[in-house]
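Numbering (the numbering used here), first residue to last: 6 to 239. Glycine included, C-beta positions come from ideal geometry on N, C-alpha and C. Small disclaimer: the values here were computed from a predicted structure and weren't measured. Step one of this worksheet: look at the structure below.
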């Protein structure tokens, strides 16, 4: 009689594997890899910041007109507002950021709603009334502070020496109300600055005209100029 051997039971799982799965081990990044990743991230952030700085305009709030102001009228706080905008450097130097700088000034030209307020468009005194007179002069740039003059500037007008006549200040504190640049025609032509200037009265206007017709006139700025102290000898 043949007998059949009982089937062998499967061996029990190792003790360490009973009741839980075993995950494969994962290698952790080395210190060098971590440092490298931080450097890459920092570089990317730096590039982003540089790009943003280069493409984002530097906007400042500048003074603008909230309503129209006619030439010769005094500017009030109610006429002004602030608007953020990015301006070219040459315009920034002429624009106004503080309304207090022009409140109470006189508009030299018609100002319209929304206009950017420029220093050359206002003055701290009104145009001539009563005895005041406005005269026009065409001066070589060298006689007009090298052409560095603007509407609203105050200047002294000096008669140049003529024969036995010495130079003389004929008008002090004259107000420049408009500036234009023209080209003289002919051989040896030089650029000229065309000015409208307010003087106190008819007599002052005549002195300027007479001096200009004789030896000519030149302008002196009334702005204070600070000179550097000369270096002391060693």
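* DSSP state of residue 183, grouped into three classes? -> Position 178 of the chain shown, counted from the first residue, corresponds to residue 183. Reduced to three states, the DSSP call for residue 183 is strand.
- How is the alpha helix (DSSP H) around residue 218 delimited, first residue to last? Along the chain shown, one-based indexing puts residue 218 at 213. Residues 207-219.
task: For residue 115, I'd like the list of residues in its chain whose CB is within less than 8 Å of its CB, leaving aside the five on either flank, ordered along the chain.
output: On the chain shown, residue 115 is found 110 positions in, with the first residue counted as 1. Result list for residue 115: 73, 74, 75, 76, in chain order.
Indicate the three-state DSSP secondary structure (helix, strand or coil) for residue 81 in the structure shown.
Numbered from its first residue, the chain shown carries residue 81 at position 76. Three-state DSSP puts residue 81 in coil, outside helix and strand.
(Q) Going by DSSP, what residue range makes up the alpha helix (DSSP H) through residue 95? (A) For the purposes of this step, residue 95 is identified with residue 90 of the chain shown, where counting begins at 1. Residues 94-97.
* **Nearest residue (CA-CA) to residue 129, options 147, 136, 107, 123** => Taking the chain shown and counting its residues from 1, the one referred to as residue 129 is at position 124. Selected option, being the one with the closest Cα: 107.
Which residues does DSSP list as the beta-bridge partners of residue 162?
Residue numbering aside, residue 162 sits at position 157 when the chain shown is read from its first letter. Partner(s): 176, 224.
Proximity winner among 211, 143, 228, 165, relative to residue 185 (alpha-carbon distances): On the chain shown, position 180 is the one that residue 185 refers to. Minimum Cα distance to residue 185 is reached at 143.
Q | residue 256, enclosing beta strand (DSSP E) - first and last residue | A | Here the chain comprises residues numbered 6 to 239, so residue 256 is not present and cannot be evaluated.
Item to complete: Report all residues from its chain with a CB closer than 6 Å to the CB of residue 157; omit the five preceding and five following residues, and keep chain order.
Response: Against the chain shown, residue 157 aligns to sequence position 152. Answer for residue 157: 125, 128, listed in chain order.
Worksheet item: What do you get for residue 190, buried or exposed, if any count of 16 or more other CB atoms within 10 angstroms of its CB means buried?
Response: Position 185 of the chain shown, counted from the start, is the residue given in the question as residue 190. A caution first: residue 190 carries a pLDDT of 39, below 50, which makes its placement in the model too unreliable to give a value.
Can you tell me whether residue 96 is buried or exposed, with buried defined as 16 or more other CB within 10 angstroms of its CB? Position 91 of the chain shown, counted from the start, is the residue given in the question as residue 96. By the 10 Å Cβ count, residue 96 comes out exposed.
Helix, strand or coil: which one does DSSP assign to residue 106? For this step, residue 106 is matched to residue 101 along the chain shown. Of the three classes helix, strand and coil, the one that applies to residue 106 here is helix, per DSSP.
| request: Drop a sphere of 10 angstroms on the beta-carbon of residue 216, count the other beta-carbons inside from all chains shown, and report buried for 16 or more, exposed for fewer. | output: Translated into the one-based positions of the chain shown, residue 216 becomes position 211. It counts as buried.
Q.
Since residue 139 and residue 182 should fall inside the 8 Å C-beta cutoff, what is the C-beta to C-beta distance between them, to a whole number of angstroms?
A. Residue 139 sits at position 134 when you count from the first residue of the chain shown. Residue 182 sits at position 177 when you count from the first residue of the chain shown. Sure, about 7 Å apart at Cβ, within 8 Å.
- Message: Taking its Cβ as the centre, do 16 or more other Cβ atoms sit within 10 Å of residue 213, making it buried, or is it exposed?
- Response: Counted from its first residue, the chain shown places residue 213 at position 208. So residue 213 counts as buried.
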